[in-house]
Amino acid sequence: MNEADEVFNVQISMAHVQREKMEKFAQLCKEGKAISGISEEELASIIQDLNNDEVSYSNDMVVDMIIKYVLENTNEEKLTTILGNIKIANVERKEVIGSAYPQYMDGSYYVEIGEDIEKRICLLSDVFAVLFMFNEKLVGMENVILCELLKATKNRYFMNEEFTEDFNSVQVYMMICDNTYKDDFTDRYIAYAREIYEMAIAFLIGHEIGHHYYGDTIGKPKQGMERKIAELKADAFALDFAFKYLENSYPNKENIYGIHFFAGTYVPLIASASICKNIFEDGENYPSILKRLLGVQKGLQKILTLTSWEETKKYRDFLLKIIQFPLPTN
Ligand SMILES: [Zn+2]
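Numbering (this note's numbering), first residue to last: 5 to 334.
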């Protein structure tokens, strides 16, 4: 066991994030406080599968999957070394968004991401997914249900609460739609939410990996301007990292991706705004959330075609309006 493993085992809030969440969810379903849409046996079998699931780089299978995809498809030595020796812990401490710790003597790297920000990212990805569903071919009462879903997901995000009453009701309506129209209404929504979430988490962990990559954890950048620049550089690395994940996990010949994938990279910064005191002003060592959002936007401009970039920005603005976030200009 290396040093990062040892620290990891002490710090993690849950041994296996998805398994423990699924267990809690199954319990809530039993009590009638959550709705699953599948039978108790099916839920139990999912939990069993998660029990057998090995998470090698973290305690979160989404994080693990992202690292594996990037690691298997990169031949860049520095990145390979970092990813091969990394341990990412999901921790309960409220003040943690993400931290990269100095590399250990044995060459291992340790990163922490906060449970709270991960939850907020998940809830915000769900809101975002609804916006993309309006492009889908919908029939009958699906449009009305979608508006209800938007309200319910927004409410969950504001309350920072997964299982709310209105969300439970909407899920029943969605099941009725699936049953009536047989057109995978719910599955399409879940796919959007999941893909947005994956890109957001890739950005979130990519930022911390970026600090390791640029050596910020060894020769700590000086207080003030240097630290701020280090943050913006880590964001640029995070964007690149998320796109590496995208190209390797969803490969296609033409490199054509839905706008929601790109827009997902905005989610961590938008979600972290609900935790930070002021989104407009720089801290002593941190650039403002607004500045960082603009940085991501400039980064996307370099990667995407003009049309895709404009579409991505449009959806970001829709999301910001929906959650009443002050809109950055350009
Ligand atoms: Zn940072």
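Ideal placement from N, C-alpha and C gives every residue a C-beta, glycine not left out.
Are the CB atoms of Ile213 and Pro106 nearer to each other than 9 Å? Taking the sequence shown and counting its residues from 1, the one referred to as residue 213 is at position 209. Taking the sequence shown and counting its residues from 1, the one referred to as residue 106 is at position 102. With contacts defined as CB atoms closer than 9 Å, Ile213 and Pro106 fail to qualify as a contacting pair.
Okay, do the stretch 120 to 137 and the stretch 23 to 32 touch, 3+ Cβ pairs below 8 Å being the bar? Output reads no: the stretch 23 to 32 does not touch the stretch 120 to 137.
What is the DSSP secondary structure of Asp144, reduced to helix, strand or coil? Walking along the sequence shown from the start, residue 144 turns up at place 140. Here residue 144 turns out to be Gly, not Asp, going by the sequence shown. Reduced to three states, the DSSP call for Gly144 is coil.
Hey, would you say the C-beta of Gly102 is under 8 Å away from at least one heavy atom of ligand 1? For the purposes of this step, residue 102 is identified with residue 98 of the sequence shown, where counting begins at 1. Yes.
Sorry if obvious, but does the Cβ on Glu235 come closer than 8 Å to a heavy atom of ligand 1? Counting from 1 along the sequence shown, the entry for residue 235 is found at position 231. Yes; taking the cut-off as 8 Å, the Cβ of Glu235 has a heavy atom of ligand 1 nearer than that.
Is it buried or exposed for Thr311, if we count other Cβ within 10 angstroms and need 16 for buried? Residue mapping note: residue 311 aligns to position 307 of the sequence shown, counting from 1. When all chains shown are included, Thr311 counts as exposed.
Spell out a yes or no on whether the stretch 201 to 209 and the stretch 150 to 166 are touching, meaning 3 or more CB-CB pairs, one atom from each, closer than 8 Å. Short answer: they don't touch.
Quick check: is any heavy atom of ligand 1 less than 8 Å from the C-beta of His216? If you number the sequence shown from 1, residue 216 lands on position 212. The answer is no for His216.
Nearest to Phe265 (by Cα), restricted to the options Asn79, Leu250, Ala104, Lys257: Here residue 265 refers to the residue found at position 261 of the sequence shown. The shortest CA-to-CA distance from Phe265 to any of Asn79, Leu250, Ala104, Lys257 is the one to Leu250.
C-beta neighbour in chain C for Glu81, strict 9 Å: No chain C is part of this structure, which consists of one protein chain only.
Please name the residue, chosen from Asn63, Leu153, Ala197, that lies closest to Met179 on a Cα-to-Cα basis. As a working mapping, residue 179 is identified with position 175 in the sequence shown. The shortest C-alpha separation from Met179 is found at Leu153.
Using the C-alpha atoms, what's the distance from Leu294 back to Ile71? Mapped onto the sequence shown, residue 71 falls at position 67. Mapped onto the sequence shown, residue 294 falls at position 290. If you take the alpha carbons of Ile71 and Leu294, they lie about 28 Å apart.
DSSP state of Tyr113, grouped into three classes? Along the sequence shown, one-based indexing puts residue 113 at 109. Residue state, collapsed to three classes: strand.
Indicate, with yes or no, if ligand 1 has a heavy atom lying under 8 Å from the CB of Ala19. Sequence index remark: in the sequence shown, residue 19 carries index 15 (1-based). If you check the C-beta of Ala19 against ligand 1, you find no heavy atom less than 8 Å away.
Straight-line Cα distance separating Asn183 from Val148: Position 144 of the sequence shown, counting from 1, holds the residue named residue 148. Position 179 of the sequence shown, counting from 1, holds the residue named residue 183. Cα-Cα distance, rounded: 16 Å.
Which two residues bound the contiguous alpha helix (DSSP H) that contains Ile205? For the purposes of this step, residue 205 is identified with residue 201 of the sequence shown, where counting begins at 1. Start and end: 189 to 217.
Taking the runs of the beta strand (DSSP E) that are 3 residues or longer, which of them lie wholly in the stretch 71 to 111? Those beta strand (DSSP E) runs which fall completely within the stretch 71 to 111 and span 3+ residues are 90 to 95, 102 to 104.
Taking just the CA atoms, how far does Pro330 sit from Pro272? For the purposes of this step, residue 272 is taken as the residue at position 268 of the sequence shown. For the purposes of this step, residue 330 is taken as the residue at position 326 of the sequence shown. Distance between the alpha carbons of Pro272 and Pro330: 16 Å.
Return the residue from the list Asp286, Glu122, Leu75, Phe138 that minimises the CA-CA distance to Ala93. Locating residue 93 in the sequence shown gives position 89, counting from the first residue. Considering only alpha carbons, the answer is Glu122.
I need the straight-line Cα distance from Thr316 to Gln175, nearest angstrom please. If you number the sequence shown from 1, residue 316 lands on position 312. If you number the sequence shown from 1, residue 175 lands on position 171. In a straight line, the C-alpha of Thr316 is about 28 Å away from that of Gln175.
Proximity test, His264 beta-carbon vs ligand 1 heavy atom, cut-off 8 Å: Taking the sequence shown and counting its residues from 1, the one referred to as residue 264 is at position 260. No; taking the cut-off as 8 Å, the Cβ of His264 has no heavy atom of ligand 1 nearer than that.
His264: first and last residue of the uninterrupted alpha helix (DSSP H) it sits in: Position 260 of the sequence shown, counted from the start, is the residue given in the question as residue 264. Here the alpha helix (DSSP H) through His264 covers 263 to 267.
Taking Cβ to Cβ, would you say Ile51 is nearer than 9 Å to Arg23? Residue numbering aside, residue 51 sits at position 47 when the sequence shown is read from its first letter. Residue numbering aside, residue 23 sits at position 19 when the sequence shown is read from its first letter. Going by C-beta atoms, Ile51 is nearer than 9 Å to Arg23.
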